[in-house]
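In my numbering, the protein residues as written are 251 to 299.
Have a look at the structure below, then the notes.
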């Protein structure tokens with residue numbers, strides 16, 4: 251997918267839709283884990299839950 255998305259771990263690929271537009275395919279499990287981890291880090295740093 252090129253150098254712009256090489257370091258993105260939540261974008262797992264791309265596909266061409268029926269109308270010819272390109273859609274990125276997101277790995278939702280990784281996205282959720284990344285969000286939860288970032289929330290945990292914020293809570294730990296601020297003490298706010």
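Using N, Cα and C, we set each Cβ at its ideal position, and we do this for glycine too.
Check whether the Cβ atoms of residue i and residue j sit closer than 8 angstroms, and answer yes or no.
| i | j | result |
| --- | --- | --- |
| residue 273 | residue 281 | no |
| residue 260 | residue 284 | yes |
Whose C-alpha, out of the options, is nearest the C-alpha of residue i?
| i | options | result |
| --- | --- | --- |
| residue 276 | 295, 296, 297, 258 | 258 |
Take residue i and list the residues in its own chain whose beta-carbon comes closer than 8 angstroms to its own, dropping the five residues that flank it on each side.
| i | result |
| --- | --- |
| residue 295 | none |
Spatial neighbours of residue i within its chain, please: C-beta separation below 6 angstroms, excluding the five flanking residues on both sides.
| i | result |
| --- | --- |
| residue 267 | 273 |
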